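Protein chains in written order, with the numbering used here: chain P, 331 to 571; chain B, -13 to 280. For every residue, glycine included, the Cβ atom is placed at its ideal position computed from N, Cα and C. Since this is a predicted model, take the numbers as computed values, not measurements. Inspection log for the structure reproduced underneath, given as C-alpha cells.
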C-alpha cells in the first residue's frame, strides 16, 4: 500500500504535542492513503486520542506537519478542517445530549449548503434506521449503542473523505461492537477512508489494511494489519498473549 | 385587592426588565461559560445613548432605541473580543476579575462623559394608559410596553434557538464546545453573536428600565444588573426560560415585599429568596444538574 504513486490523503509528519509541560506526543509520523482503513492501537494513555484530536485541529502540535489532500492543515482550527472533508467521531461520542437526533445530524452538516442536507439525512437514516425511529427524541435518552450510531451518522453528515473514529466500541456490549464494526466496513465499502483508534486491537486489526502501534507518545510498530496481528510483541501486549 | 393587583402588575413589569437583562447573563454564561458582570453597565450605556439620541438629536423614541441597540451590540462584541477572548484558555477567576474590571471601566467612562449628575430620562412611550376599576387601577403605557416587549423577546429567542441554524449552533456550543467545533461551527463567532444579542437586549432593557424609573446616572445599571444575575441563577443559569421565570418572580417578590413587608428590606428579601431556593434546588428552578452518560 505504501507503494501507491498517489500522495497520501493524510500525512502526519513528526508531530509533537504538549499538554502544558507534558510532552504527550513525541514525534509521530504516519500516513493514510485514500481507500484504506488504518488503525492506531495502543494502551491507555499512549496518545491515540491526542493524535486524533491534533489531526482534527482541536489541539495544535508544537512541532511537525500535517497535510490533508496535499494541503497543510496545521493551525487551521477544527471548524475549518471539517469543511476540507475530514470528520472526527470523538471519544465518548459527545453527541449533543439536549438536542434531538435530527438536530444533532443537522449540526453534523453545518458546513454544507442547506439544500444538500435533506438528501444526506436520508442517507444517514437509511444506514441507521434506528435513528429515523428516534428522529425527534432528545439524544440524551438514547442507549449507548444508539448514541454511537448517532455520533457516526453526525460525522457522516459532513460527507467526509476521511472519517476518523475514536474508540467507537467503547462501553458497548459485544453484539453492538460487531454491529459497529460491520457499519465501519460498509462505510469503507462505500468509499470512505477510515482512520480508526481502538482499544479493541483484535477487532481493529481484523478489519484494517494497515496498523500503527502507539506506546507512550511514539510509534513502536507499524505495518500491514495482518503482520501486526501476528507480531509477538503485539500479541503479548494487546491481545492477551 | 385593587392595590394588590397594582403591585402585582408593577412587579411583572419590573420583573420583565429583569428577565430581559437576565437573558443576556444566561445566554453568555451558557455559551461562553463566563459571568459577564459588565452586562449591567451595558444597560446603563444603552440608556444614555437613547437619552442623548432623544434629548440632543431629537430623534423619535423608536429610532433612539435602535441607536442604543446598535451601539450596545458593537460595545458587547468589542468587550468580548478585546477583554474576554484573549482569556479563553485562562482560569475562570481571571475572566471574572476582568469582567468586574470592564464593569468599572464602563461606569467611570460614563462618569467622564455624562458626569455624575443624574439625568431625567424623558417619558418615552406616552401612548396612553389603561384604567380599570373606575380609575382605581391605572396601568401605564410603560408597564404595558415592558411586558409586551418581554413576551416578544421571549418568543423571538425561542424561535431563534430552536429553528435557525445559528441558534442551534449556539445550543451546540453551549453543550460541548469541542464537539461543536468538530461540526465545523466557528466557536468564536458564535460567542460574538451571543454577546451581540445579549447586549442588544441590554439596550432595550436600559430604555425600558429608565422609562419606568427615570433617573439615569453611571451606576444605574449595577443594581438591576446584580438582580438580573440573581434572577438568572434563580431560574437556573444557562436556561432561557429559566431567566424569564426567574426575572418575573424576582420582580414580583421585590415589589410585593416592598409594599407589604418593608420598603428598606425589599432588596434584601430578593436575595433571601435566592438563598432559600438554592438551598433546595442548587441548580435553580429550571437548571438541570449536569450529568454525563458514558
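Look up residue 110/B in the DSSP assignment and say whether it is helix, strand or coil.
coil
Nearest CA to the CA of residue 392/P: which residue from 345/P, 367/P, 380/P and 407/P?
345/P
Using a threshold of 9 Å, state whether the C-beta atoms of residue 367/P and residue 514/P are closer than that.
Yes, the pair counts as a contact, with Cβ atoms nearer than the cut-off.
Just to confirm before moving on: does the CB-CB distance between residue 532/P and residue 569/P stay below 9 Å?
yes
Pull up the CB-CB distance for residue 1/B and residue 234/B, whole angstroms please, since I reckon it's below 8 Å.
4 Å
Helix, strand or coil for residue 390/P per DSSP?
coil
From this set, 136/B, 265/B and 68/B, which residue's C-alpha is nearest residue 8/B's C-alpha?
136/B
Using the beta-carbon of each residue, which ones in chain P are nearer than 8 Å to residue 161/B?
Close to residue 161/B, with beta-carbon spacing below 8 Å, are these residues of chain P in chain order: 426, 427, 428 and 429.
Excluding the 5 residues flanking residue 423/P on each side, which residues of the same chain have their C-beta closer than 7 Å to its C-beta?
477, 478 and 481
Work out the CA separation of residue 458/P and residue 156/B for me, nearest whole Å.
26 Å
Kindly say whether residue 565/P, judged by its beta-carbon, lies nearer than 9 Å to any beta-carbon of chain B.
no
Span of the alpha helix (DSSP H) holding residue 90/B?
78 to 100
Can you list, in chain order, the residues of its chain whose CB lies under 7 Å from that of residue 193/B, leaving out five sequence neighbours each side?
32, 33, 36, 51, 54 and 110
Along the beta strand (DSSP E) that carries residue 554/P, what are the first and last residues, could you check?
548 to 554
Using 9 Å as the threshold, is the C-beta distance between residue 242/B and residue -3/B below it?
Yes, Cβ-Cβ distance for residue 242/B and residue -3/B is below 9 Å.
Could you list which residues in chain P have their beta carbon closer than 7 Å to that of residue 167/B, in chain order?
388, 408 and 409
With a CB to CB cut of under 7 Å and the five nearest residues on each side skipped, what residues in its chain are close to residue 200/B?
106 and 107
Going by CA-CA distance only, name the one from 351/P, 489/P, 381/P and 400/P that's closest to residue 339/P.
Proximity to residue 339/P across 351/P, 489/P, 381/P and 400/P peaks at 400/P, based on C-alpha coordinates.
Against chain P, does residue 173/B count as a neighbour if the rule is that its beta carbon must be under 9 Å from one of theirs?
yes
Could you spell out where the beta strand (DSSP E) holding residue 541/P opens and where it closes?
540 to 545
Hey, which unbroken runs of the beta strand (DSSP E) at 3 residues or more fall wholly within the segment 428 to 484 of chain P?
Whole beta strand (DSSP E) segments, 3+ residues: zero.
May I ask you to report which of helix, strand or coil DSSP gives residue 120/B?
Look at residue 120/B here: in three-state DSSP terms it is coil, with no helix or strand label.
Any beta carbon of chain B sitting closer than 9 Å to that of residue 433/P?
For residue 433/P, the answer is yes, since a Cβ of chain B falls inside 9 Å of its Cβ.
How many angstroms separate the CA atom of residue 263/B from the CA atom of residue 270/B?
7 Å
Using a Cβ-Cβ cut-off of 6 Å (strictly less than) and excluding sequence neighbours within five positions of residue 377/P, which residues of its own chain qualify?
Answer for residue 377/P: 354, 355, 544 and 547, listed in chain order.
Does DSSP put residue 361/P in a helix, a strand or coil?
strand
Looking at C-beta atoms only, is the number of pairs between the segment 405 to 420 of chain P and the segment 487 to 494 of chain P that lie closer than 8 Å three or more?
A contact exists between the segment 405 to 420 of chain P and the segment 487 to 494 of chain P.
Give, in chain order, every unbroken run of the alpha helix (DSSP H) that is at least 4 residues long and sits entirely within the segment 29 to 84 of chain B.
47 to 65
Please check if any C-beta of chain P sits within less than 9 Å of the C-beta of residue 154/B.
yes
Report buried or exposed for residue 27/B, applying the criterion of at least 16 other Cβ atoms within 10 angstroms of its Cβ.
buried
Work out the CA separation of residue 186/B and residue 97/B for me, nearest whole Å.
Distance between residue 97/B and residue 186/B, taken at the CA atoms: about 22 Å.
Beta-carbon proximity check, residue 455/P vs residue 466/P, cutoff 9 Å
no
Please state whether DSSP places residue 332/P in a helix, a strand or coil.
The pLDDT assigned to residue 332/P is 46, lower than 50, so where the model puts this residue is not dependable; a value taken from the coordinates is nonetheless given after this. Residue 332/P: coil per DSSP, three-state reduction.
Within its chain, find whatever has a CB closer than 8 Å to the CB of residue 171/B; leave out the 5 residues flanking it on each side and keep chain order.
155, 158 and 159
9 Å Cβ cutoff, residue 158/B in contact with chain P:
With a threshold of 9 Å between beta carbons, residue 158/B makes contact with chain P.
Residues of its chain near residue 181/B, where Cβ-Cβ distance is below 6 Å and the 5 sequence neighbours each way are ignored
62, 63 and 66
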